[in-house]
Amino acid sequence: MDDLYRENIIDHYRHPRNKGHLEDPDIHYHDVNPFCGDEITIELKLDGDRIAKAVFDGKGCAISQAAASMLTEELEGMTLEEVKHLDKQFILDMLGIPIGPVRLKCALLSLKVLKAGVYGLDEWPE
């Protein structure tokens with residue numbers, strides 16, 4: 172089963188979904204993992220309090236980029252309140268493979284960026 176999840180991660184890394192930029196996004200946030208240099212920018216277009224479109228841009232390892240790609244696929248139609256309740260386990264379940272402590276920050280970077288943008292924070296508390 173892990174092989175299927177690994178293949179999915181590689182697919183999202185090689186063929187990312189929703190990668191790019193939005194014209195005039197309602198929410199835009201960028202952050203960098205200082206330990207490895209991975210970068211993620213997430214942009215959201217809203218329809219009221221619901222996400223109409225989510226895109227990302229960035230560079231980095233397969234885990235960080237695949238997680239961002241997978242996350243943006245899940246976001247369309249969610250409310251901002253629902254986004255605020257997304258947690259580490261949501262990302263880990265989405266990735267579907269065990270993530271060691273060294274790669275955990277890579278896996279969670281897109282969630283960190285998303286929540287910081289939704290909360291309008293300059294820095295998201297750990």
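Mapping of the sequence shown onto the numbering used here: residues 172 to 297, in sequence order.
Where a beta carbon is used, it is the ideal one built from N, C-alpha and C, also for glycine.
| Asked | Found |
| --- | --- |
| Per-residue burial, E244 [other beta carbons within 10 Å of its own, 16 or more giving buried] | exposed |
| Secondary structure of D264, DSSP reduced to three states | helix |
| Segments assigned alpha helix (DSSP H), at least 4 residues, entirely inside the segment 186-260 | 233-246 and 251-255 |
| The segment 233-244 / the segment 193-201 touching (three or more Cβ pairs under 8 angstroms) | no |
| Proximity winner among G291, I234 and I270, relative to R185 (alpha-carbon distances) | I234 |
| Sequence-distant residues of its chain with Cβ nearer than 6 angstroms to H183 (five each side left out) | A237, S240 and M241 |
| Nearest neighbour of G291, chosen from G248, M249, E247 and V254 [CA to CA] | V254 |
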